[in-house]
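Protein chains in written order, with my numbering: chain P, 1 to 201; chain H, 1 to 201.
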């Protein structure tokens, strides 16, 4: 796994030929058990690396299109899977816990529930107040800037934009780690405000 | 291949298990024939993508440790291989042209010859005044910041640091695209000056 901007965050990636971007999964190493977000398949090397960093406590899925390799990793590690509460009725895999918006789900992890994206209640995550992890709604098809899912994929464009504006208003964000496309490691607030300018004009 | 910060630059990548970083190769799409830098093996998909963007005119190698898949790609595309002049006597593959420091090797491409790195005359490249491509001396093991090769790998630490200071003094650099590790897509000058602060203290 690759080191990110902080010593307790890692990622592993898979190139997607359909979109010509990397998909990413993130690992947060923390006391009380590590947490993985939207896990892709891992190589044996990355699997060993993940093991070496401590027990995996939970696997959090941002939305039903990012289930990826979650069940497999849960079976191997004993980690619980937590999914978005708004998709509870139709989620493709079993979840031990259903997540809604709220502060401090565990110490240092705030949850945001988004509206209007391609799935109901897509989750976004703020780790330790400075790092935003996004699933599908906010992404990065070019290096150094963010974009939204194309309008044609959104359930409700107005609500989706309102959700992005909300995330951009959190403040104090240094890094944005999207599930799809290049991470932004610096000046997260500024890059989010540029996204808002483009998205709302 | 993945889009970068500008529409005429692309990259493809390979995860290196020994260092837990991605290695990158870059493609510059330009009139007069495209240029690839330090090319890794390409998947069939990326090879087709590369073909679709026009003829490959040249493959430039920053140093003898980054020869990678150059010969193979040259044989397939008919592109010339250009290598660092300071390594001419011992370079592992044949080169059609040997490159030294100079402005405008082709329109929009400036070359810098570095000292003290692990190989003599390692090349760095500035494309269109705003994008710095580095081989080995400047790299990124953490997201959002740069580092130098470890001292133990440098032939001459003082000269290597002087070379980095020189690159940092070019000015107008937005992006730094290292052969090894996370690219920096914004505020390149600032990130380079931070590297200098760490490297020279």
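Using N, Cα and C, we set each Cβ at its ideal position, and we do this for glycine too.
On a Cα-Cα basis, can you pick out the residue from H:27, H:163, H:165 that is closest to residue 127 of chain H?
Looking at the Cα atoms, H:27 is the closest of the given residues.
Once DSSP output is grouped into helix, strand and coil, what is the label at residue 119 of chain P?
Of the three classes helix, strand and coil, the one that applies to residue 119 of chain P here is coil, per DSSP.
For residue 37 of chain P and residue 62 of chain P, which I take to be in contact (beta-carbon distance under 8 Å), what is that distance rounded to the nearest angstrom?
Rounded, the Cβ-Cβ distance is 7 Å, consistent with contact.
Counting only Cβ pairs nearer than 7 Å, list the residues of chain P close to residue 128 of chain H.
In chain order: nothing, as chain P lies at least about 15 Å away.
Just to confirm before moving on: does the CB-CB distance between residue 55 of chain H and residue 33 of chain H stay below 7 Å?
Yes, the Cβ-Cβ distance between residue 55 of chain H and residue 33 of chain H is below 7 Å.
Give a yes or no on whether the minimum CB-CB distance between residue 140 of chain P and chain H is below 7 Å.
For residue 140 of chain P, the answer is no, since every Cβ of chain H falls outside 7 Å of its Cβ.
Give me the subset of the stretch 139 to 167 of chain H whose CB atoms are less than 8 Å from a CB atom of chain P, sorted by chain position.
Against chain P - using a Cβ distance shorter than 8 Å - the residues of the stretch 139 to 167 of chain H are 141, 142, 143, 144, 145.
Contact criterion: CB-CB distance below 7 Å. Does residue 24 of chain P meet it with respect to chain H?
No, residue 24 of chain P does not count as interfacial toward chain H.
Scan the stretch 92 to 113 of chain H for residues whose Cβ lies nearer than 8 Å to a Cβ of chain P and list them as they occur along the chain.
So nothing in the stretch comes that close.
In terms of residues, what are the limits of the beta strand (DSSP E) holding residue 156 of chain H?
Unbroken run through residue 156 of chain H: none, as it is neither H nor E.
Locate the beta strand (DSSP E) running through residue 106 of chain H, then write down its first and last residues.
102 to 106 is the extent of the beta strand (DSSP E) around residue 106 of chain H.
Rounded to whole angstroms, what's the CA-CA distance from residue 118 of chain P to residue 137 of chain P? Just pull it up for me.
Approximately 8 Å between the Cα atoms of the pair.
Check whether chain P comes within 7 Å of residue 3 of chain H, counting only Cβ atoms and requiring the distance to be less than that.
Closer than 7 Å to some Cβ of chain P, the Cβ of residue 3 of chain H qualifies, so yes.
Considering only the beta carbon of each residue, do residue 85 of chain P and residue 99 of chain P sit closer than 7 Å?
For residue 85 of chain P and residue 99 of chain P, yes; Cβs fall inside 7 Å.
What are the start and end residues of the beta strand (DSSP E) that includes residue 22 of chain P?
Where residue 22 of chain P is concerned, the enclosing beta strand (DSSP E) stretches over 21 to 28.
In whole angstroms, give me the CA-to-CA distance for residue 44 of chain H and residue 1 of chain H.
Distance between the alpha carbons of residue 44 of chain H and residue 1 of chain H: 11 Å.
To which residues does DSSP link residue 125 of chain P through a beta bridge?
Residue 125 of chain P is bridged to P:111, P:133.
Can you tell which of H:120, H:199, H:124 has the C-alpha that lies nearest to the C-alpha of residue 109 of chain H?
Out of H:120, H:199, H:124, H:124 has the C-alpha closest to the C-alpha of residue 109 of chain H.
If you draw a straight line from the C-alpha of residue 67 of chain H to the C-alpha of residue 19 of chain P, how long is it?
Going by the C-alpha atoms only, they are around 28 Å apart.
Ignore the nearest five residues each way along the sequence and tell me which others in residue 35 of chain P's own chain have a CB closer than 7 Å to its CB.
Within the same chain, residue 35 of chain P has close Cβ partners 28, 57, 58, 60.
Using 8 Å for Cβ pairs, my map puts residue 199 of chain P next to residue 164 of chain P. What's the rounded Cβ distance?
Right, their Cβ atoms sit about 6 Å apart.
Taking the beta strand (DSSP E) that residue 190 of chain P falls in, what are its first and last residues?
Note, residue 190 of chain P: premise wrong, no beta strand (DSSP E); alpha helix (DSSP H) at 188 to 200.
Say whether chain P places a C-beta atom closer than 7 Å to the C-beta of residue 45 of chain H.
Taking Cβ atoms only, chain P reaches closer than 7 Å to residue 45 of chain H, which makes this a yes.
Just to confirm, are residue 175 of chain H and residue 134 of chain H a CB contact at a threshold of 7 Å?
No. Outside cutoff.
So what's residue 7 of chain H in DSSP terms, helix, strand or just coil?
Residue state, collapsed to three classes: coil.
Residue 163 of chain H by DSSP, collapsed to three states: which one?
Here residue 163 of chain H sits in helix by DSSP.
For chain P, check one thing: does any of its Cβ atoms lie closer than 7 Å to the Cβ of residue 20 of chain H?
Judged by the 7 Å Cβ criterion, residue 20 of chain H is in contact with chain P.
Using a C-beta to C-beta distance shorter than 7 Å, which residues of chain H count as neighbours of residue 183 of chain P?
In chain order: 143.
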